[in-house]
Amino acid sequence: MTGKAKPKKHTAKEIAAKLDAATTNRGGGKAGVADRTGQEKGGHAKYECPHCKTTAPDVKTMQIHHDARHPKIPFEEDKLVNRHATTAADSSKSRPGVRGSLKK
Ligand SMILES: [Zn+2]
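If you want it as structure tokens, here you go:
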């Protein structure tokens, strides 16, 4: 019997796409509400560059930005705009793990 080969119903690409859709936090649903309303700050841009309003999640990232963009201005942590000043980020809290926009 040589019968026809059964066509595969799921390609690896399809499965990968489904897995991605199921495991990636796209900021939707109940969990995303807090994200969108800004109540939960974990994992989101915290600092704002006082020179060009670019945001960064932490001081180190902001310093890298500063060195790259404003090399002539001395980097001063105090001058950064801390957008989360009222709510300290709790590092023990699980982060939302948003990665949709970080894809390369
Ligand atoms: Zn800047």
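Residue numbers for the sequence shown follow UniProt numbering, beginning at 1 and rising by one.
Cβ atoms here follow ideal geometry from the backbone N, Cα and C, with glycine treated the same way.
Determine the direct distance from the alpha carbon of residue j to that of residue i, and round the result to whole angstroms.
| i | j | result |
| --- | --- | --- |
| His65 | Arg83 | 17 Å |
| Asp58 | Ala45 | 7 Å |
| Cys49 | Pro74 | 13 Å |
| Ile15 | Gly3 | 26 Å |
| Ala22 | Pro71 | 42 Å |
| Val81 | Arg69 | 17 Å |
Using the three-state DSSP reduction, which class does residue i fall into: helix, strand or coil?
| i | result |
| --- | --- |
| Thr24 | coil |
| Glu76 | coil |
| Ala12 | helix |
| Thr55 | strand |
Are there any heavy atoms of ligand 1 lying less than 7 Å away from the beta-carbon of residue i, as far as the coordinates show?
| i | result |
| --- | --- |
| Arg69 | yes |
| Lys84 | The sequence shown places His at residue 84, rather than the Lys named in the question. Because no heavy atom of ligand 1 lies under 7 Å away, the Cβ of His84 does not count as near it: no. |
| Thr61 | no |
| Thr54 | yes |
| His66 | yes |
In or out: residue i buried (at least 16 other Cβ within 10 Å) or exposed?
| i | result |
| --- | --- |
| Lys8 | exposed |
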